[in-house]
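> Be aware that the sequence shown starts at 7, since it is given in my numbering, and climbs by one per residue.
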Amino acid sequence: MTLLPTLWTADVVYTGMGNPVRDGGVVVSGGVVAAAGSAAELRVNFPQAREVRGGRVIAPPPVNAHTHLDMSLYAFQSLPYFRWIPEVVIAGRHLRGHEGAVVGLDAVRASGASGLGDIVWHPDVMEWLLRESDVPGVAYWEVLDPNPATAQATFEAARARLDAWKKLERPGGMRVGLSPHASYTVSHRLFRLLSEYAAGEGLPMQVHVLEHPSEAELFAGGAGPLAESFLASMRRNGVELSIADVIGREPSPELSAVSYLADLGVLQARPTLIHMVNVTPQDITLVAQAGCTVVTCPRSNANLHCGTFPWQAFAAAGVEVALGTDSVASGETLDIHDEVRAAWALHPELDPRVVVRAAVKGGTRVVGGRVPFIRRGEAWSDLFLWRE
(Lines of atoms letter the chains of each structure in order from A and count residues from 1; the text may use other names and numbers.)
(Lines give C-alpha, C1' and ligand atoms only; values in the text may rest on other atoms or scores of the structure.)
Protein backbone atom coordinates (compact mmCIF):
# COMPACT_ATOMS: atom_id res chain seq x y z
CA MET A 1 0.00 0.00 0.00
CA THR A 2 1.42 3.37 -1.05
CA LEU A 3 1.15 6.15 1.51
CA LEU A 4 -0.16 9.43 0.21
CA PRO A 5 2.09 12.50 0.55
CA THR A 6 1.28 15.05 3.25
CA LEU A 7 0.81 18.74 2.60
CA TRP A 8 1.79 20.62 5.75
CA THR A 9 0.41 24.19 5.74
CA ALA A 10 1.15 27.26 7.86
CA ASP A 11 0.61 31.01 7.97
CA VAL A 12 4.34 31.51 7.27
CA VAL A 13 6.68 29.10 5.49
CA TYR A 14 10.39 29.82 5.31
CA THR A 15 12.62 27.37 3.47
CA GLY A 16 15.85 29.03 4.61
CA MET A 17 16.28 30.53 1.14
CA GLY A 18 14.95 33.81 -0.19
CA ASN A 19 12.04 35.32 1.71
CA PRO A 20 9.36 33.57 3.76
CA VAL A 21 5.94 33.18 2.11
CA ARG A 22 2.47 33.75 3.50
CA ASP A 23 -0.04 30.90 3.49
CA GLY A 24 2.63 28.43 2.51
CA GLY A 25 3.07 24.71 2.57
CA VAL A 26 5.50 21.84 2.35
CA VAL A 27 4.74 18.53 0.64
CA VAL A 28 6.41 15.56 2.33
CA SER A 29 6.54 12.05 0.90
CA GLY A 30 8.33 9.16 2.55
CA GLY A 31 10.04 11.48 5.02
CA VAL A 32 11.52 13.61 2.24
CA VAL A 33 10.53 17.09 1.08
CA ALA A 34 8.89 16.95 -2.35
CA ALA A 35 8.05 20.65 -2.74
CA ALA A 36 7.59 23.89 -0.80
CA GLY A 37 5.96 27.20 -1.56
CA SER A 38 2.48 28.64 -1.86
CA ALA A 39 -0.12 26.34 -0.32
CA ALA A 40 -2.59 27.19 -3.09
CA GLU A 41 -0.15 26.13 -5.79
CA LEU A 42 0.82 22.98 -3.91
CA ARG A 43 -2.84 21.95 -3.65
CA VAL A 44 -3.09 22.17 -7.43
CA ASN A 45 0.17 20.36 -8.10
CA PHE A 46 -0.33 17.66 -5.46
CA PRO A 47 -4.11 17.02 -5.42
CA GLN A 48 -3.59 13.60 -3.87
CA ALA A 49 -1.76 15.00 -0.81
CA ARG A 50 -3.39 14.75 2.59
CA GLU A 51 -3.49 18.28 4.02
CA VAL A 52 -2.49 18.86 7.65
CA ARG A 53 -2.29 22.18 9.47
CA GLY A 54 1.32 22.61 10.59
CA GLY A 55 0.75 25.67 12.80
CA ARG A 56 1.66 29.28 12.44
CA VAL A 57 5.20 28.70 11.16
CA ILE A 58 7.05 26.07 9.18
CA ALA A 59 10.75 26.90 9.04
CA PRO A 60 14.19 25.63 10.06
CA PRO A 61 14.63 25.77 13.86
CA PRO A 62 15.36 29.27 15.19
CA VAL A 63 18.65 30.40 16.73
CA ASN A 64 18.92 31.96 20.20
CA ALA A 65 21.57 34.54 19.33
CA HIS A 66 22.06 36.12 22.77
CA THR A 67 21.84 34.48 26.20
CA HIS A 68 23.46 34.51 29.63
CA LEU A 69 23.18 30.83 30.54
CA ASP A 70 25.13 31.15 33.77
CA MET A 71 22.41 33.47 35.17
CA SER A 72 19.75 30.75 34.93
CA LEU A 73 19.42 30.39 38.72
CA TYR A 74 18.39 34.05 39.04
CA ALA A 75 14.76 34.97 39.63
CA PHE A 76 13.11 37.12 36.99
CA GLN A 77 12.76 40.77 37.99
CA SER A 78 11.44 43.74 36.06
CA LEU A 79 13.25 46.97 37.00
CA PRO A 80 14.68 49.96 35.15
CA TYR A 81 17.98 48.85 33.64
CA PHE A 82 20.13 51.21 35.73
CA ARG A 83 18.66 49.63 38.88
CA TRP A 84 18.53 46.07 37.56
CA ILE A 85 22.31 45.89 37.07
CA PRO A 86 23.30 46.62 40.71
CA GLU A 87 20.18 45.21 42.42
CA VAL A 88 19.89 41.99 40.42
CA VAL A 89 23.01 41.16 38.40
CA ILE A 90 25.69 42.28 40.86
CA ALA A 91 23.73 41.38 44.00
CA GLY A 92 23.14 37.87 42.63
CA ARG A 93 26.66 37.08 41.48
CA HIS A 94 26.86 34.23 43.98
CA LEU A 95 24.23 32.48 41.83
CA ARG A 96 26.30 32.61 38.63
CA GLY A 97 28.39 29.71 37.46
CA HIS A 98 28.39 26.15 36.20
CA GLU A 99 25.18 25.02 37.89
CA GLY A 100 23.19 27.82 36.33
CA ALA A 101 24.75 27.20 32.93
CA VAL A 102 23.72 23.54 33.04
CA VAL A 103 20.14 24.54 33.80
CA GLY A 104 20.25 27.14 31.04
CA LEU A 105 21.67 24.84 28.38
CA ASP A 106 19.01 22.24 29.21
CA ALA A 107 16.35 24.91 28.66
CA VAL A 108 17.85 26.01 25.34
CA ARG A 109 18.08 22.39 24.19
CA ALA A 110 14.47 21.74 25.20
CA SER A 111 13.33 24.81 23.25
CA GLY A 112 14.58 23.30 20.01
CA ALA A 113 16.99 26.12 19.20
CA SER A 114 19.44 25.12 16.49
CA GLY A 115 22.19 27.46 17.66
CA LEU A 116 23.28 29.58 20.60
CA GLY A 117 25.21 32.76 21.28
CA ASP A 118 26.10 32.81 24.98
CA ILE A 119 27.89 35.43 27.05
CA VAL A 120 30.20 33.64 29.50
CA TRP A 121 31.25 35.21 32.78
CA HIS A 122 32.92 32.26 34.58
CA PRO A 123 35.95 30.38 33.15
CA ASP A 124 34.62 27.00 34.31
CA VAL A 125 31.49 27.60 32.23
CA MET A 126 33.55 28.41 29.15
CA GLU A 127 35.55 25.20 29.38
CA TRP A 128 32.40 23.15 30.01
CA LEU A 129 30.57 24.63 27.03
CA LEU A 130 33.52 24.09 24.70
CA ARG A 131 34.01 20.51 25.85
CA GLU A 132 30.41 19.34 26.21
CA SER A 133 27.71 21.53 24.66
CA ASP A 134 25.71 19.64 22.03
CA VAL A 135 24.13 22.91 20.87
CA PRO A 136 26.45 24.60 18.36
CA GLY A 137 27.20 28.29 18.40
CA VAL A 138 29.55 30.78 20.04
CA ALA A 139 30.62 31.17 23.67
CA TYR A 140 31.63 34.82 24.10
CA TRP A 141 34.08 35.50 26.93
CA GLU A 142 32.88 38.61 28.75
CA VAL A 143 35.46 41.28 29.58
CA LEU A 144 34.81 44.31 31.81
CA ASP A 145 37.33 46.91 32.90
CA PRO A 146 36.57 50.65 32.68
CA ASN A 147 39.99 51.72 33.99
CA PRO A 148 42.38 52.75 31.18
CA ALA A 149 45.35 52.28 33.52
CA THR A 150 44.75 48.53 33.72
CA ALA A 151 43.74 48.00 30.07
CA GLN A 152 46.95 46.29 28.97
CA ALA A 153 47.00 43.83 31.88
CA THR A 154 43.31 43.00 31.43
CA PHE A 155 43.81 42.47 27.70
CA GLU A 156 46.81 40.19 28.16
CA ALA A 157 44.92 38.05 30.67
CA ALA A 158 41.93 37.78 28.34
CA ARG A 159 44.11 36.96 25.34
CA ALA A 160 45.92 34.18 27.23
CA ARG A 161 42.60 32.59 28.19
CA LEU A 162 41.12 32.90 24.72
CA ASP A 163 44.21 31.44 23.04
CA ALA A 164 44.03 28.43 25.37
CA TRP A 165 40.28 27.96 24.96
CA LYS A 166 40.49 27.94 21.16
CA LYS A 167 42.30 24.60 21.46
CA LEU A 168 39.16 23.11 23.06
CA GLU A 169 36.87 23.80 20.11
CA ARG A 170 35.18 20.72 18.59
CA PRO A 171 33.53 20.18 15.19
CA GLY A 172 29.81 20.75 15.68
CA GLY A 173 30.34 22.29 19.12
CA MET A 174 30.68 25.84 20.35
CA ARG A 175 33.37 28.22 19.15
CA VAL A 176 35.23 30.82 21.19
CA GLY A 177 34.12 34.41 20.94
CA LEU A 178 34.73 37.67 22.79
CA SER A 179 32.36 40.12 24.47
CA PRO A 180 33.64 43.49 25.65
CA HIS A 181 30.63 43.90 27.92
CA ALA A 182 29.12 47.26 27.02
CA SER A 183 29.94 50.58 25.42
CA TYR A 184 30.64 52.20 28.80
CA THR A 185 32.05 49.36 30.98
CA VAL A 186 35.21 48.82 28.93
CA SER A 187 37.78 51.61 28.68
CA HIS A 188 38.65 53.14 25.33
CA ARG A 189 42.12 51.61 25.50
CA LEU A 190 40.84 48.13 26.25
CA PHE A 191 38.18 48.37 23.53
CA ARG A 192 40.86 49.07 20.93
CA LEU A 193 43.04 46.19 22.12
CA LEU A 194 40.18 43.69 22.24
CA SER A 195 38.65 44.63 18.90
CA GLU A 196 42.01 44.57 17.11
CA TYR A 197 42.74 41.15 18.59
CA ALA A 198 39.29 39.81 17.64
CA ALA A 199 39.63 41.08 14.07
CA GLY A 200 43.10 39.64 13.72
CA GLU A 201 42.11 36.24 15.09
CA GLY A 202 38.74 36.06 13.35
CA LEU A 203 36.90 35.85 16.66
CA PRO A 204 33.18 36.65 16.68
CA MET A 205 32.35 39.48 19.05
CA GLN A 206 29.22 40.75 20.83
CA VAL A 207 28.80 44.11 22.60
CA HIS A 208 25.83 45.46 24.57
CA VAL A 209 25.02 48.90 23.14
CA LEU A 210 22.30 51.50 23.83
CA GLU A 211 20.04 49.22 25.80
CA HIS A 212 18.44 51.91 28.01
CA PRO A 213 17.86 55.64 27.27
CA SER A 214 20.18 56.55 30.14
CA GLU A 215 23.10 55.11 28.15
CA ALA A 216 22.55 57.81 25.53
CA GLU A 217 22.54 60.37 28.37
CA LEU A 218 25.86 59.03 29.60
CA PHE A 219 27.58 59.72 26.28
CA ALA A 220 25.77 63.00 25.62
CA GLY A 221 26.54 64.65 28.95
CA GLY A 222 28.27 62.23 31.32
CA ALA A 223 25.22 62.28 33.58
CA GLY A 224 21.90 60.52 34.11
CA PRO A 225 20.90 57.55 36.27
CA LEU A 226 23.10 55.00 34.48
CA ALA A 227 26.17 57.23 34.71
CA GLU A 228 25.50 57.85 38.41
CA SER A 229 25.00 54.14 39.13
CA PHE A 230 28.10 53.18 37.14
CA LEU A 231 30.37 55.76 38.80
CA ALA A 232 29.06 54.80 42.25
CA SER A 233 29.84 51.15 41.53
CA MET A 234 33.41 52.02 40.58
CA ARG A 235 33.83 54.08 43.74
CA ARG A 236 32.69 51.12 45.83
CA ASN A 237 35.51 49.18 44.19
CA GLY A 238 38.03 51.88 45.01
CA VAL A 239 38.23 53.35 41.50
CA GLU A 240 37.78 57.11 41.08
CA LEU A 241 37.14 57.83 37.41
CA SER A 242 34.99 60.16 35.37
CA ILE A 243 33.05 59.18 32.26
CA ALA A 244 35.63 61.16 30.26
CA ASP A 245 38.40 59.01 31.76
CA VAL A 246 36.63 55.82 30.69
CA ILE A 247 35.80 56.84 27.12
CA GLY A 248 38.91 58.94 26.53
CA ARG A 249 37.04 62.10 25.57
CA GLU A 250 34.54 64.51 26.99
CA PRO A 251 30.88 63.52 26.61
CA SER A 252 28.99 65.80 24.23
CA PRO A 253 25.52 66.07 22.72
CA GLU A 254 26.96 65.03 19.35
CA LEU A 255 28.43 61.84 20.77
CA SER A 256 26.58 58.53 20.83
CA ALA A 257 27.71 55.08 21.92
CA VAL A 258 27.71 53.97 18.29
CA SER A 259 29.72 56.92 16.95
CA TYR A 260 32.13 56.43 19.87
CA LEU A 261 32.69 52.77 18.93
CA ALA A 262 33.03 53.73 15.28
CA ASP A 263 35.68 56.36 16.12
CA LEU A 264 37.62 53.77 18.16
CA GLY A 265 37.65 51.38 15.21
CA VAL A 266 35.56 48.80 17.08
CA LEU A 267 32.95 48.57 14.32
CA GLN A 268 35.69 47.59 11.86
CA ALA A 269 35.79 44.22 13.65
CA ARG A 270 32.10 43.84 12.72
CA PRO A 271 30.85 42.95 16.19
CA THR A 272 27.29 41.85 16.73
CA LEU A 273 25.56 44.69 18.59
CA ILE A 274 23.08 43.68 21.27
CA HIS A 275 19.85 45.62 22.03
CA MET A 276 20.40 48.90 20.10
CA VAL A 277 17.05 50.25 21.31
CA ASN A 278 17.85 53.91 21.85
CA VAL A 279 19.58 54.80 18.62
CA THR A 280 19.56 57.75 16.24
CA PRO A 281 19.22 57.59 12.44
CA GLN A 282 22.96 58.31 12.24
CA ASP A 283 23.66 55.33 14.51
CA ILE A 284 21.71 53.06 12.18
CA THR A 285 23.60 54.40 9.18
CA LEU A 286 26.96 53.71 10.87
CA VAL A 287 25.90 50.16 11.74
CA ALA A 288 24.71 49.51 8.19
CA GLN A 289 27.93 50.89 6.70
CA ALA A 290 30.02 48.67 9.01
CA GLY A 291 28.02 45.56 8.12
CA CYS A 292 27.25 44.72 11.75
CA THR A 293 24.37 42.46 12.74
CA VAL A 294 22.05 43.53 15.57
CA VAL A 295 20.34 41.23 18.09
CA THR A 296 17.11 42.37 19.67
CA CYS A 297 15.67 40.89 22.88
CA PRO A 298 12.07 42.20 22.95
CA ARG A 299 11.01 40.80 26.33
CA SER A 300 14.14 41.96 28.13
CA ASN A 301 13.84 45.41 26.56
CA ALA A 302 10.27 45.70 27.79
CA ASN A 303 10.98 44.29 31.25
CA LEU A 304 13.94 46.61 31.88
CA HIS A 305 11.97 49.68 30.73
CA CYS A 306 14.33 50.22 27.79
CA GLY A 307 11.86 51.08 25.06
CA THR A 308 11.05 49.39 21.76
CA PHE A 309 13.65 48.35 19.23
CA PRO A 310 13.23 50.39 15.98
CA TRP A 311 13.08 47.27 13.83
CA GLN A 312 11.63 48.86 10.70
CA ALA A 313 14.34 51.51 10.61
CA PHE A 314 17.09 48.89 10.81
CA ALA A 315 15.39 46.78 8.13
CA ALA A 316 15.04 49.79 5.85
CA ALA A 317 18.80 50.39 6.20
CA GLY A 318 19.57 46.79 5.26
CA VAL A 319 20.85 45.76 8.70
CA GLU A 320 20.56 42.05 9.51
CA VAL A 321 18.53 41.51 12.71
CA ALA A 322 18.56 38.43 14.94
CA LEU A 323 16.67 37.44 18.09
CA GLY A 324 17.88 36.47 21.56
CA THR A 325 16.23 35.77 24.89
CA ASP A 326 18.84 37.45 27.10
CA SER A 327 18.91 35.92 30.62
CA VAL A 328 15.98 34.52 32.58
CA ALA A 329 16.53 37.40 35.02
CA SER A 330 15.27 39.89 32.43
CA GLY A 331 13.82 37.80 29.59
CA GLU A 332 11.81 35.36 31.73
CA THR A 333 12.67 32.18 29.74
CA LEU A 334 15.38 30.89 27.43
CA ASP A 335 12.84 29.64 24.88
CA ILE A 336 13.45 31.39 21.57
CA HIS A 337 9.92 30.53 20.48
CA ASP A 338 8.67 32.66 23.39
CA GLU A 339 10.82 35.49 22.05
CA VAL A 340 9.37 35.14 18.56
CA ARG A 341 5.84 35.37 19.95
CA ALA A 342 6.84 38.40 22.03
CA ALA A 343 8.32 40.06 18.95
CA TRP A 344 5.05 39.58 17.07
CA ALA A 345 3.12 41.10 19.98
CA LEU A 346 5.50 44.01 20.62
CA HIS A 347 5.99 44.83 16.93
CA PRO A 348 2.48 44.64 15.45
CA GLU A 349 3.58 46.88 12.60
CA LEU A 350 5.99 44.21 11.34
CA ASP A 351 5.16 41.54 8.81
CA PRO A 352 5.43 38.27 10.81
CA ARG A 353 7.70 36.91 8.09
CA VAL A 354 10.37 39.45 9.06
CA VAL A 355 10.54 38.03 12.58
CA VAL A 356 10.74 34.43 11.33
CA ARG A 357 13.59 35.25 8.98
CA ALA A 358 15.43 37.09 11.77
CA ALA A 359 15.13 34.13 14.12
CA VAL A 360 16.54 31.76 11.50
CA LYS A 361 18.75 33.58 9.01
CA GLY A 362 19.78 36.47 11.25
CA GLY A 363 20.60 34.16 14.13
CA THR A 364 22.63 31.86 11.91
CA ARG A 365 24.63 34.84 10.68
CA VAL A 366 25.48 35.69 14.29
CA VAL A 367 26.59 32.24 15.49
CA GLY A 368 27.73 30.74 12.19
CA GLY A 369 26.84 27.41 10.66
CA ARG A 370 24.39 26.68 7.87
CA VAL A 371 20.63 26.99 7.73
CA PRO A 372 19.09 23.55 7.00
CA PHE A 373 17.10 24.19 3.83
CA ILE A 374 13.57 22.89 3.36
CA ARG A 375 13.73 21.97 -0.31
CA ARG A 376 13.11 19.09 -2.67
CA GLY A 377 15.17 16.04 -1.74
CA GLU A 378 16.02 17.17 1.81
CA ALA A 379 14.96 15.14 4.84
CA TRP A 380 11.85 16.37 6.62
CA SER A 381 12.01 17.05 10.37
CA ASP A 382 9.23 17.67 12.86
CA LEU A 383 11.49 20.44 14.22
CA PHE A 384 10.38 22.45 11.18
CA LEU A 385 6.90 22.69 12.75
CA TRP A 386 7.25 25.59 15.18
CA ARG A 387 5.23 25.52 18.37
CA GLU A 388 2.25 27.87 18.56
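In this text, a Cβ means the ideal position worked out from N, Cα and C, and glycines have one as well.
So the beta strand (DSSP E) THR15 belongs to, where does it begin and stop?
12-19
> Using DSSP with H/G/I as helix, E/B as strand and the rest coil, what is ASN243?
coil
> Bridge partners of ARG59, per DSSP?
THR15
> If you run the structure through DSSP and keep just helix, strand and coil, what is ILE290?
ILE290 falls in the helix class under three-state DSSP.
> Is the region 367-383 in contact with the region 102-115, if contact means three or more CB pairs nearer than 8 Å?
no
> When the distance is taken between beta carbons, is TRP392 closer than 8 Å to ARG62?
Yes, the pair counts as a contact, with Cβ atoms nearer than the cut-off.
> Taking the alpha-carbon positions, what's the GLU207 to LEU10 distance?
52 Å
> When the Cβ atoms of the region 68-86 are set against those of the region 310-328, are three or more pairs found closer than 8 Å?
Enough Cβ pairs lie closer than 8 Å, so yes.
> Put PRO186 into one of helix, strand or coil per three-state DSSP.
strand
> Here's the rule I'm using: 16 or more other beta-carbon atoms within 10 Å means buried, otherwise exposed. How should ASP140 be labelled?
exposed
> Using the DSSP secondary-structure output, state which residues sit across from ARG28 in a beta bridge.
VAL18
> Taking only three categories from DSSP, how would you classify GLN54?
coil
> Taking only three categories from DSSP, how would you classify ASN70?
strand
> Distance, Cα to Cα, ASN243 vs ASN153?
11 Å
> How far does the alpha helix (DSSP H) with TRP134 in it reach, from first residue to last?
129-138
> Less than 8 Å between the CB atoms is what I'm expecting for ARG181 and GLU175, so what's the real figure, rounded?
6 Å
> Short check: CB of VAL131 to CB of GLY98, under 8 Å?
no
> Quick one: grab the DSSP three-state call for ASP151.
strand
> Check this for me: beta carbons of LEU273 and VAL300, under 8 Å apart or not?
No Cβ-Cβ contact shorter than 8 Å links LEU273 with VAL300.
> May I ask you to report which of helix, strand or coil DSSP gives ASP76?
DSSP places ASP76 in helix when its eight states are reduced to three.
> Quick one: grab the DSSP three-state call for VAL372.
helix
> Going along the chain, which residues of its own chain have a beta-carbon closer than 7 Å to the beta-carbon of ALA349, five neighbours each way excluded?
PRO304, LEU329 and VAL361
> By DSSP, does ILE91 sit in helix, in strand, or in coil?
helix
> Measuring alpha carbon to alpha carbon, tell me which residue in HIS128, LEU261 and ASP332 is nearest VAL213.
In terms of Cα proximity to VAL213, the closest of HIS128, LEU261 and ASP332 is ASP332.
> Tell me the rounded alpha-carbon separation between CYS298 and ALA323.
So the alpha carbons of these two residues sit roughly 12 Å apart.
> With distances taken from CA atoms, which of SER239, ALA385 and ILE380 is nearest GLY22?
ILE380
> Report the rounded CA-to-CA distance for LEU261 versus PHE225, giving the unit in angstroms.
6 Å
> Which residues does DSSP pair with TYR146 in a beta bridge?
Answer is ILE125 and GLY183, bridged to TYR146.
> Can you tell me whether ARG241 is buried or exposed, with buried defined as 16 or more other CB within 10 angstroms of its CB?
Counting Cβ neighbours within 10 Å, ARG241 comes out exposed, since fewer than 16 surround it.
> Look at the Cβ atom of VAL147, then the Cβ atom of SER185, and state whether they are nearer than 8 Å.
In the sequence on display, residue 147 carries Trp and not Val. Cβ atoms of TRP147 and SER185: closer than 8 Å.
> Along the chain, which unbroken stretches of the beta strand (DSSP E) at least 3 residues long are found entirely within the region 317-378?
327-329
> Using three-state DSSP, classify HIS214 as helix, strand or coil.
strand
> Over what stretch of residues does the beta strand (DSSP E) that includes THR278 continue unbroken?
278-281
> According to DSSP, simplified to helix, strand and coil, what is LEU267?
helix
> Nearest by alpha-carbon distance to GLY37: which of TRP14, GLN54 and ALA46 is it?
TRP14
> Does DSSP classify LEU48 as helix, strand or coil?
helix
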